[in-house]
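Residue numbers (the numbering used here): 55 to 113. Written below as structure tokens is the structure these notes are about.
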């Protein structure tokens, strides 16, 4: 188990029944980067990964 799995597990436990839009998620990611600028690159990579997840050109 990676250390980050604990945070993911907490997210699923606390908010796993909720439904959110990608717009809402994008806003929360921007808020997080505003408060934690050192994480700009990993958040950008995660957002790009999610945006291109089903893109056949990126396989």
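Glycine is no exception: its CB is placed at the ideal position from the N, C-alpha and C atoms.
Top-ranked residue by Cα proximity to residue i, from the options
| i | options | result |
| --- | --- | --- |
| residue 98 | 108, 84, 111 | 84 |
| residue 80 | 65, 67, 100 | 100 |
Residue i CB to nearest heavy atom of the ligand ADP below 7 Å
| i | result |
| --- | --- |
| residue 61 | The model on display carries no ligand, and the ligand ADP is accordingly not part of it. |
Problem set entry | Given 8 Å, three or more beta-carbon pairs between the stretch 65 to 75 and the stretch 87 to 94 | no
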